[in-house]
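Counted the way my numbering counts, the sequence shown spans residues 209 to 608.
Glycine included, every Cβ here is placed at the ideal spot set by N, Cα and C.
So the structure is just underneath, and the comments pick up after that.
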Amino acid sequence: MTLLTDKFFDSFASSVKPTEEAETLPPEIYTSQEFYEFEKDALFYREWLCVGRDEWIAEVGDFFTTSHANEPIIISRGRDGEIKAMSAVCQHRAMLVAEGKGNTRGFTCPYHHWSYDLDGKLVGAPAMGRTCNFDKAQYNLPKLKVELWHGFIFVNFDPEAESLASRMGPIEPVVANYEFASLRGPEPLSHEYPWNWKVQFENNNDGYHASRLHQGLHDFVPSSLASFPEVPRETAGYYRLNGSTHPNASFNPTEKALLPVFPKLTEEEQSRLLFVNLPPTLSLVVLNDVVIYLIMDARSPTTHGLTFGSLYHPSAFEDPEFEEKRRINDEHTADIVAQDLHVDLLVQQGLSSRFAPRGRYSWQEDAQRQLNVWLVDRYQQEWDRRRGPSAPVPRLHATS
Ligand code: FES
């Protein structure tokens with residue numbers, strides 16, 4: 209029996225009410241294969257998806273591979289110095305033409321040696337001279353749209369997608385002084401986790417658990433000082449602010465920034481943390497001396513990949529004690545992350561239960577309601593597309 213019915217989508221309406229009235233989204237959207245396939249059309253093939261950082265491919269020929277929603281992707285630096293994004297699927301018989309990362313003059317498929325340049329153009333196809341009507345120009349690697357946002361590379365499978373920059377306006381003033389594009393960091397860690405990508409996203413999103421689950425580790429950034437500014441509904445994401453009990457608070461035993469504070473921050477910015485969420489793939493935890501980024505790539509209803517990295521002001525690397533200070537920060541953060549991972553694993557189990565709830569929210573969970581709005585707009589749009597021309601006008605561009 210199909211999950212996707214009008215009644216099911218109508219039931220989402222209670223999740224986008226004001227937070228004090230709202231309830232959580234149906235548990236099935238975290239567990240169902242059918243819904244995951246629906247999400248590909250609703251979200252992953254339409255939205256801007258973060259794949260990594262500009263500095264990972266600093267030189268011509270640098271490349272890395274990744275995936276979103278099971279689509280293998282190559283990101284490369286072309287001969288013109290521009291970032292390119294393309295499918296990694298060979299247009300001969302679907303072998304992946306690249307794995308991992310490196311520097312190359314082009315991509316030669318290991319199977320039969322069709323070769324593509326850094327833009328994905330097919331430049332060589334051995335022993336194809338006798339093949340009728342074979343036009344090399346028809347077999348380039350499919351291109352993806354690509355856009356850079358303050359050093360973060362985003363791709364989009366939809367050739368008609370509106371630019372990311374045009375949908376980031378309300379977030380720009382909030383992030384400006386952190387100068388994300390100039391920040392640098394060590395190689396991130398990547399793991400696959402056995403829970404739905406939204407469980408991860410909601411955990412990153414959640415101010416409510418900070419003073420509870422992380423009691424003793426997070427007390428200087430208490431849940432009671434969370435605030436949730438509204439942004440226009442068509443914005444690509446949203447953000448949360450969380451006041452701290454003292455300036456330049458940071459997650460380490462001193463509870464203060466150990467590394468250089470971003471130099472342009474105002475006094476007000478130094479008295480809080482910033483959480484930026486660009487669903488469905490990027491969450492930023494923005495402290496005043498480090499930006500932690502989490503890039504999620506959905507792989508199934510119950511698995512996703514997570515790339516977890518940190519960025520610092522360039523002057524941080526001149527400090528002879530940088531590595532030691534970073535280790536102290538990372539050890540403290542690791543304790544918090546371990547608590548989150550344990551919860552995420554068990555939440556996924558709970559969501560599969562016959563007793564999984566449609567729960568209610570605290571005011572400190574307003575960011576969950578913001579995510580619900582972001583999701584439900586897009587779910588409803590896709591459902592309307594599938595139902596055809598008699599369907600109601602999509603609500604995505606309505607103002608909140
Ligand atoms: Fe790539 Fe044959 S599958 S060359």
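When DSSP builds the beta bridges, which residues end up paired with C258?
-> Here residue 258 is taken as the residue at index 50 of the sequence shown, counted from 1. According to DSSP, which records beta bridges pairwise, C258 is partnered with F362.
May I ask you to report which of helix, strand or coil DSSP gives Y347?
-> For the purposes of this step, residue 347 is identified with residue 139 of the sequence shown, where counting begins at 1. Here Y347 sits in helix by DSSP.
Any chance the stretch 503-514 sits against the stretch 262-282, with 3 or more Cβ pairs inside 8 Å?
-> yes
Option nearest C548 by Cα separation, candidates W571, R562, L425, E290 = Here residue 548 corresponds to residue number 340 of the sequence shown, with the count starting at 1. First, the amino acid is wrong: residue 548 is Asp here, not Cys. Of W571, R562, L425, E290, the residue nearest in Cα terms is L425.
Can you say whether K472 is buried or exposed, counting buried as having 16 or more other CB atoms within 10 angstroms of its CB?
-> For the purposes of this step, residue 472 is taken as the residue at position 264 of the sequence shown. The residue is exposed, with fewer than 16 neighbouring Cβ atoms inside 10 Å.
So what does DSSP say about W403, is it helix, strand or coil?
-> Residue 403 sits at position 195 when you count from the first residue of the sequence shown. Three-state result, W403: coil.
Can the beta-carbon of D327 be found closer than 8 Å to that of K292?
-> One-based indexing of the sequence shown puts residue 327 at position 119. One-based indexing of the sequence shown puts residue 292 at position 84. Yes, these two residues count as a Cβ contact at 8 Å.
On the three-state DSSP scale, how would you describe K309?
-> Along the sequence shown, read from residue 1 onward, the residue named residue 309 stands at position 101. If DSSP states are grouped into helix, strand and coil, K309 belongs with the strands.
Interface flag, P522 vs chain C, CB-CB below 8 Å = This model lacks chain C altogether, as it is built from one protein chain only.
Report the residue from Q588, R593, A564, R595 whose alpha carbon sits nearest the alpha carbon of T232.
-> Numbered from 1 along the sequence shown, position 24 holds the residue referred to as residue 232. Measuring from the Cα of T232, the nearest candidate turns out to be A564.
Three-state secondary structure assigned by DSSP to N496 = Within the sequence shown, the letter at position 288 stands for residue 496. Correct three-state label for N496: coil.
Touch test, the stretch 533-540 against the stretch 580-593, Cβ-Cβ under 8 Å, three pairs minimum | no
Under the three-state reduction of DSSP, which class applies to P378: helix, strand or coil?
-> In the sequence shown, the residue the question calls residue 378 occupies position 170. In the structure shown, P378 sits in a helix (DSSP, three-state: H, G or I).
Would the beta-carbon of Y319 be found less than 7 Å away from any heavy atom of ligand 1?
-> Along the sequence shown, one-based indexing puts residue 319 at 111. Yes; taking the cut-off as 7 Å, the Cβ of Y319 has a heavy atom of ligand 1 nearer than that.
Taking the alpha carbon of V363 as the point to measure from, which residue in S452, C258, E267 has its own alpha carbon closest?
-> As a working note, residue 363 is residue 155 in the sequence shown. Answer by Cα proximity: C258.
Any non-hydrogen atom of ligand 1 within 7 Å of A302 CB | Sequence index remark: in the sequence shown, residue 302 carries index 94 (1-based). For ligand 1, at least one heavy atom lies less than 7 Å from the Cβ of A302.
Host beta strand (DSSP E) of R480 (start-end) | Within the sequence shown, residue 480 is the residue found at index 272, counting from 1. From DSSP, the beta strand (DSSP E) with R480 extends over 480-486.
Meets three-Cβ-pair contact criterion under 8 Å: the stretch 240-251 and the stretch 442-459 = no
Report whether the distance from the Cβ of W357 to the nearest heavy atom of ligand 1 is below 7 Å.
-> As a first step, residue 357 must be located in the sequence shown, where it is residue number 149. No, the Cβ of W357 stays beyond 7 Å of every heavy atom of ligand 1.
Classification of C340 by the beta-carbon crowding that lies within 10 angstroms, buried from 16 upward = Here the question's residue 340 lines up with position 132 in the sequence shown. Result: exposed.
Per DSSP, which one or two residues make a beta bridge with T273?
-> Residue 273 sits at position 65 when you count from the first residue of the sequence shown. For T273, which the question treats as bridged, DSSP gives the partners I282.
Identify which residue in V584, E573, W591 has its Cα closest to the Cα of E229.
-> If you number the sequence shown from 1, residue 229 lands on position 21. Out of V584, E573, W591, E573 has the C-alpha closest to the C-alpha of E229.
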